[in-house]
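Enquirer:
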Amino acid sequence: MTDFATRLERVSRNPEVFKTFGRGVERETLRYKQDGKLSTTQHPDGLGSAYANKWITTDFSESLLEFITPVSRDIDTLVAQLEDIHHFTQTKLGEEKMWPLSMPCYVGDEQDINLAQYGDSNSGKMKTLYREGLKRRYGSLMQIISGVHFNFSFPETFWDQLYGEQDEAARQATKSDGYFALIRNYYRFGWLIPFFFGASPALCPSFIKGRDTKLPFENIGQTLFLPQATSLRLSDLGYTNSAQSVLKIGFNSIEQYLEGLNSAIRTPSQEFAEIGVKVDGEYRQLNSNVLQIENELYAPIRPKRVAQDGEKPSEALTRAGVEYIEVRSLDVNPYSSIGLDKDQIRFLDLFLAWAALTDSDPMDFCEQACWRENWNKVIVEGRKVGLELQIGCKGETLTLQEWAKRVFAELTQVAVQMDKALGGNEYQAVCDKLMAWIDNPELTISGQLLEDTKRLGGLGGLGCTFGKQYREKHLAHQYGYYNQEKMEQEVARSREAQAALEASDTQDFEQFLEDYFAYLK
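Structure follows, in structure tokens:
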């Protein structure tokens with residue numbers, strides 16, 4: 001019996017393990033106007049305080065909505081929560097709609113992208129200043145790309161089955177080690193996510209106006225596309241930071257990760273120093289280090305722990321270890337009105353469980369670079385049948401198809417156990433569906449999307465067509481989990497919470513920032 005088979009057999013002895021995965025979703029979407037152009041209005045008043053509303057906030061821009069679900073143990077509940085949040089939001093948008101794609105709609109001028117505002121409290125002003133720094137460092141267009149983040153955790157029973165009963169300190173270390181083993185395997189094989197679910201093979205030319213690119217784009221009307229691309233959102237055109245390429249952040253242990261992260265937030269950047277921090281009395285960024293704060297680290301997956309009041313993410317990890325992981329490689333699924341569907345969630349359940357159960361050797365920086373190269377190949381030409389991927393730094397290669405089938409040989413074993421525990425055959429059905437996509441990449445979301453983009457004359461036509469359909473669907477939706485009263489109560493509570501925070505602030509902003517970053521000295 002292989003180590004994988006032994007571990008799978010061990011966790012499968014307790015069916016509750018597979019019934020109680022923790023899942024939460026953060027979905028981003030741009031507000032846009034009738035003509036397919038970016039909305040330039042403020043965050044709608046009817047949605048309450050973007051600073052304090054626990055379900056509906058903004059990301060980089062006033063026009064970039066972010067919807068957040070609580071953690072649930074049931075996929076139907078998660079989807080119902082997301083549908084309710086979309087419904088309530090759409091009722092407050094007037095004629096505006098939600099853009100159904102990851103890559104932005106038409107943006108006439110970068111100045112039309114208004115930074116998200118969070119009120120007059122020091123922490124609210126700091127959130128906006130952080131975004132001012134992002135704008136000056138990377139430009140605003142990159143920051144309004146939308147994605148879906150999937151937060152995932154195993155129940156305690158998962159660790160009980162693998163390791164037996166442990167005291168608190170041993171369990172904390174075991175879980176952190178287990179999640180970092182998962183993260184290493186995610187770097188090795190997570191390219192499967194953009195292969196299957198990448199949904200940005202094309203973009204509006206306004207997105208790269210004035211930027212140099214060596215990518216060999218073709219045209220559908222005004223739309224630019226790469227014929228075999230899966231996820232330009234994850235490419236060098238999207239979430240990248242060349243300054244971060246020098247960072248050495250390892251994933252062999254929580255200690256190695258935190259050491260790399262803490263070094264990164266203390267590493268000065270000559271390039272960013274030229275922007276200035278405070279010029280003529282106005283702040284331009286929080287500081288001139290490679291990372292202003294930890295959240296600026298662009299990564300396809302992050303180890304996380306819910307932070308206590310005033311605690312930074314790395315401090316929370318130091319205090320009590322990894323609690324869950326955040327998957328950050330999902331494009332918005334344009335074929336779902338809420339940005340992802342149940343089959344994607346089931347695949348992530350399978351893949352993340354497999355990544356934790358299969359062997360995961362330590363990974364050096366050479367191997368990290370090899371896996372990044374594999375991701376880049378899949379992102380730009382992943383639908384090319386026979387695309388060759390590297391096996392670590394050994395110089396050996398396998399085709400994407402061969403490698404995906406090797407992974408699915410074990411994924412299907414996880415699916416059998418999950419269906420046995422839950423009843424039905426949904427997980428095996430997902431495996432069967434996606435296995436058909438391996439040899440026929442045009443069935444993937446990026447393949448379907450490119451066909452529909454051609455049919456509808458470009459991304460603008462496609463986005464507006466889908467956006468209109470989803471607006472009608474959201475407005476017609478009946479609450480399935482929340483209700484109107486609950487949503488309105490949260491709007492009122494969020495306003496009160498922001499007002500109370502602003503009233504209690506006594507420190508001036510400069511002193512607040514100095515205190516916040518005292519740990520860097």
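Residue numbers (UniProt numbering): 1 to 521. Note that beta-carbon positions come from the ideal geometry of N, C-alpha and C, so glycine has one too.
Quick one: what's Tyr-106 bridged to in DSSP?
Expert: Answer by DSSP bridge pairing, in chain order: Lys-37.
Enquirer: For Asn-333, I'd like the list of residues in its chain whose CB is within less than 8 Å of its CB, leaving aside the five on either flank, ordered along the chain.
Expert: Val-148, Phe-197, Ala-199, Gly-339, Leu-340, Asp-341, Gln-344, Ile-445
Enquirer: In angstroms, rounded to a whole number, what distance separates the CA positions of Val-378 and Ala-229?
Expert: Distance between Val-378 and Ala-229, taken at the CA atoms: about 7 Å.
Enquirer: State yes or no: is the C-beta of Ile-68 within less than 7 Å of the C-beta of Glu-28?
Expert: Against a cut-off of 7 Å, the Cβ pair of Glu-28 and Ile-68 comes out as no contact.
Enquirer: Going along the chain, which residues of its own chain have a beta-carbon closer than 6 Å to the beta-carbon of Ser-49, five neighbours each way excluded?
Expert: Ser-494, Arg-495, Gln-498
Enquirer: Cutting at 7 Å between CB atoms, please list the residues of its own chain near Met-487, excluding the five before and the five after it.
Expert: Phe-88
Enquirer: Using 10 angstroms around the beta-carbon of Phe-365, count the other beta-carbons present and answer buried if the total reaches 16, otherwise exposed.
Expert: exposed
Enquirer: How is Phe-67 classed by DSSP in three states: helix, strand or coil?
Expert: strand
Enquirer: Please return the same chain residues whose Cβ sits closer than 6 Å to the Cβ of Arg-284, not counting the five positions on each side in sequence.
Expert: Cβ within range, chain order: Arg-136, Ile-275, Gly-276.
Enquirer: Where does the unbroken alpha helix (DSSP H) through Ser-446 begin, and where does it stop?
Expert: Segment 445 to 455, the alpha helix (DSSP H) holding Ser-446.
Enquirer: Evaluate Lys-521 with the Cβ neighbour count: other Cβ atoms within 10 Å of its Cβ, from every protein chain shown; 16 or more gives buried, anything less gives exposed.
Expert: With fewer than 16 other Cβ atoms within 10 Å, it is exposed.
Enquirer: So what does Tyr-324 bridge to, in DSSP terms?
Expert: Lys-304
Enquirer: Does the Cβ of Asp-349 have 16 or more other Cβ atoms within 10 Å, making it buried, or fewer, making it exposed?
Expert: buried
Enquirer: Based on Cα-Cα distance, which residue from Tyr-516, Glu-514, Leu-501 lies nearest to Tyr-118?
Expert: Leu-501
Enquirer: Reducing DSSP to helix, strand and coil, say where Pro-205 ends up.
Expert: Residue state, collapsed to three classes: helix.
Enquirer: When burial is assigned at 16 or more other CB atoms within 10 Å of the CB, is Asp-59 buried or exposed?
Expert: buried
Enquirer: According to DSSP, Ile-345 sits in a beta bridge with which residue or residues?
Expert: Answer is none; Ile-345 lacks a bridge partner.
Enquirer: Is Glu-282 helix, strand or coil when you go by DSSP?
Expert: strand
Enquirer: Can you tell me whether Arg-23 is buried or exposed? The criterion is at least 16 other CB atoms within 10 Å of its CB, across all chains shown.
Expert: Result: buried.
Enquirer: Cβ of Glu-438 within 7 Å of Cβ of Gln-390?
Expert: The sequence given here places Ile at residue 438; Glu does not occur at that position. Against a cut-off of 7 Å, the Cβ pair of Gln-390 and Ile-438 comes out as no contact.
Enquirer: Per DSSP, which residues does Ile-220 bridge with? Please list them.
Expert: Thr-223
Enquirer: Per DSSP, which residues does Gln-390 bridge with? Please list them.
Expert: Thr-397
Enquirer: So which of Glu-16, Leu-297, Pro-155, Thr-397 has the shortest CA-CA distance to Ser-314?
Expert: Cα-wise, what sits closest to Ser-314 is Leu-297.
Enquirer: Count the other CB atoms, across all protein chains shown, that sit within 10 Å of the CB of Gln-484; report buried if there are 16 or more and exposed otherwise.
Expert: exposed
Enquirer: Out of curiosity, what's the CA-to-CA distance linking Thr-174 and Asp-361?
Expert: Straight-line Cα distance between these residues: approximately 16 Å.
Enquirer: Taking only the alpha-carbon atoms, compute the straight-line gap between Phe-351 and Leu-192 and give it to the nearest angstrom.
Expert: 9 Å
Enquirer: Using the rule of at least 16 other Cβ atoms within 10 Å of the residue's Cβ for burial, across every protein chain shown, is Val-385 buried or exposed?
Expert: Flag for Val-385 reads exposed.
Enquirer: Would you call the CB atoms of Pro-201 and Leu-450 closer than 7 Å?
Expert: yes
Enquirer: In this structure, does DSSP put Asn-376 in helix, strand or coil?
Expert: helix
Enquirer: CA-CA distance, Phe-517 and Leu-317?
Expert: Straight-line Cα distance between these residues: approximately 18 Å.
Enquirer: By how many angstroms is the C-alpha of Leu-47 removed from the C-alpha of Cys-204?
Expert: 29 Å
Enquirer: If you run the structure through DSSP and keep just helix, strand and coil, what is Asn-333?
Expert: coil
Enquirer: When DSSP builds the beta bridges, which residues end up paired with Asn-262?
Expert: DSSP lists no partner for Asn-262.
Enquirer: Can you have a look at Arg-13 and say buried or exposed, based on whether 16 or more other CB atoms are within 10 angstroms of its CB?
Expert: Exposed, since its Cβ has fewer than 16 Cβ neighbours within 10 Å.
Enquirer: If I measure Cβ to Cβ from Val-17 and keep anything under 8 Å in the same chain, skipping five residues before and after, which residues do I get?
Expert: Val-11, Phe-154, Pro-155, Thr-157, Phe-158, Gln-161, Ala-421
Enquirer: Tell me the residue span of the alpha helix (DSSP H) that contains residue 525.
Expert: For the chain, the structure presents residues 1 to 521; residue 525 sits outside this window and is missing.
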